[in-house]
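Count along the sequence shown starting at 1, add 20, and that's the number in the working numbering.
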Amino acid sequence: MAIGKYIKEIGRGKDGARALTREQATDLFGQVLDGTVTDLEIGAFCLAMRIKGETAQEMAGFLDATYARMQRVPVGDTPVISIPSYNGARRLPVLTPLLALLLAREDLPVLIHGTATESSRVFTSKVLEALDIPACAAIETIANGCVAFAPTALLCPGLQRLLDVRRVVNLRNPAHSLVKLMNPCAGKSLVVSSYTHPEYAISMAETFTLMQSDALLIRGTEGEAVADPRRTPKMQAFIGGQATDLLAYQAGALPTLPELPTEIDAGSTAAYIRRVMNGELPVPAPIAQQVAHILQIIAPMRAASL
């Protein structure tokens, strides 16, 4: 169906807009990803969905369209830990690379995917560069004990183009929610994702359930899927879409706060991560707890692959 007819349904305002079926959402998002519609139509789609909000069925349809066009990462014998990183750091050091390296130390293959979505934040890709982990130039199987960073443009160029719309209209669009839900792997994997506002915890949980996902969902740190090093966030596991609460939110700070870098630039953050990995500084307790939960969730998956 022509995109104009879809926009007519979703663009009637917050109260008058109609939700699309999963099949309609797949068709619509496929047209957007393929670039067969005009910039004006893409802008109308983004603004209409921003006002209306996505249903779980619509998000599932958007994911279906993305998977049909994505170059997915092959999975070997060990399940991959997949971590989206699209927010970066504004006030705290971005410790997503620390989480990834701690998981790789447990002999797991770890995939971080992402892109810079703003110009005023420090992004995971820059910290990884400072840790001598360059971005992938091609999609390949990730070895056990290794961390790979896949730019979104490498996985799905159409998705990258849609994320870049934010730089023009200064508003998030469905792509920013989708990248935190998608599984870029062609095989067994665990998505480690996060939300920033409580309403997204509900909508993301509904989509994980509908998609029968294997995932760990936490209240993120400035939008990143790593536990706040100063306090333990709520964590929720999804196995085949079935939800289990792991931890409730910890009010207040830890009794002893970790020694964090005072600067959040990529070099300072990488130096801190190296000291933690070398044992010179302790792993912040909330991140250690997050790693433990991931290992707990992944254990049956690893056993089944042996």
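Quick reminder that beta carbons are idealized off the backbone N, C-alpha and C, glycines included.
Opening and closing residue of the alpha helix (DSSP H) in which residue 291 lies
On the sequence shown, residue 291 is found 271 positions in, with the first residue counted as 1. Here the alpha helix (DSSP H) through residue 291 covers 286-297.
By how many angstroms is the C-alpha of residue 32 removed from the C-alpha of residue 157?
As a working note, residue 157 is residue 137 in the sequence shown. As a working note, residue 32 is residue 12 in the sequence shown. In a straight line, the C-alpha of residue 157 is about 42 Å away from that of residue 32.
Only counting runs of 4 or more residues, tell me where the alpha helix (DSSP H) segments fall wholly within the stretch 142-206, in order along the chain.
At a cut-off of 4 residues, the continuous stretches assigned as alpha helix (DSSP H) that sit fully inside the stretch 142-206 are 144-150, 172-175, 177-183, 186-189 and 194-198.
Please work out which residues of its chain come closer than 6 Å, Cβ to Cβ, to residue 165, disregarding the five sequence neighbours upstream and downstream, and give them in chain order.
Taking the sequence shown and counting its residues from 1, the one referred to as residue 165 is at position 145. Excluding sequence neighbours, residue 165 sits near 124 and 127.
Scan the stretch 54-137 and note each continuous beta strand (DSSP E) run of 3 residues or more that stays entirely inside, going in chain order.
Runs of beta strand (DSSP E) with 3 or more residues, each lying fully within the stretch 54-137, are found at 100-105 and 130-134, listed in chain order.
Taking the beta carbon of residue 140 as the centre, do at least 16 other beta carbons fall within 10 Å, making it buried, or is it exposed?
By one-based count along the sequence shown, residue 140 stands at place 120. Label assigned to residue 140: exposed.
Kindly give me the distance between the Cβ atoms of residue 208 and residue 99, rounded to whole angstroms, as I take these residues to be in contact under 8 Å.
Numbered from its first residue, the sequence shown carries residue 208 at position 188. Numbered from its first residue, the sequence shown carries residue 99 at position 79. Residue 99 and residue 208 do touch by the CB rule: their CB atoms are close to 4 Å apart, below 8 Å.
Which of the three DSSP states is assigned to residue 279 in this structure?
Counted from its first residue, the sequence shown places residue 279 at position 259. Residue 279 falls in the coil class under three-state DSSP.
Same chain only: Cβ atoms within 6 Å of residue 246, ignoring 5 sequence neighbours per side
In the sequence shown, residue 246 corresponds to position 226, counting from 1. Non-local C-beta neighbours of residue 246 in its own chain, meaning closer than 6 Å and more than five positions away in sequence, comprise 115, 116 and 119, ordered along the chain.
What is the DSSP secondary structure of residue 43, counted as helix, strand or coil?
As a working mapping, residue 43 is identified with position 23 in the sequence shown. In the structure shown, residue 43 sits in a helix (DSSP, three-state: H, G or I).
Which first and last residues belong to the beta strand (DSSP E) in which residue 245 is found?
Translated into the one-based positions of the sequence shown, residue 245 becomes position 225. Taken as a continuous stretch (DSSP letters only), residue 245 belongs to no beta strand (DSSP E), as it is neither H nor E.
Would you mind stating whether residue 286 and residue 147 have Cβ atoms separated by less than 8 Å?
Position 266 of the sequence shown, counted from the first residue, corresponds to residue 286. Position 127 of the sequence shown, counted from the first residue, corresponds to residue 147. The Cβ-Cβ distance between residue 286 and residue 147 falls below 8 Å.
State yes or no: is the C-beta of residue 170 within less than 8 Å of the C-beta of residue 129?
The count along the sequence shown starts at 1 and reaches residue 170 at position 150. The count along the sequence shown starts at 1 and reaches residue 129 at position 109. Contact: no.
Residues near residue 38 by beta carbon distance below 8 Å, same chain, minus five either side
Position 18 of the sequence shown, counted from the start, is the residue given in the question as residue 38. Contacts found: 29, 30 and 32.
In this structure, what does DSSP give as the bridge partners for residue 224?
Position 204 of the sequence shown, counted from the start, is the residue given in the question as residue 224. In the DSSP output, where bridge partners are listed per residue, residue 224 has none listed.
If you pair each beta-carbon of the stretch 56-76 with each one of the stretch 211-227, do three or more pairs fall below 8 Å?
Yes: at least three Cβ pairs fall under 8 Å.
Integer Cβ distance of residue 241 from residue 112, believed to fall under 8 Å:
To locate residue 241, count along the sequence shown from 1; it is residue 221. To locate residue 112, count along the sequence shown from 1; it is residue 92. About 6 Å; that satisfies the 8 Å criterion.
How would you label residue 97, buried or exposed, when you count the other beta carbons within 10 angstroms and need 16 or more for buried?
Taking the sequence shown and counting its residues from 1, one reaches residue 97 at position 77. Per the 10 Å Cβ criterion, exposed.
If contact is defined by three or more beta carbon pairs under 8 Å, each pair taking one atom from either stretch, is the stretch 39-53 in contact with the stretch 80-90?
Counting C-beta pairs with one atom in each stretch, the stretch 80-90 and the stretch 39-53 have three or more that are closer than 8 Å, which means they touch.
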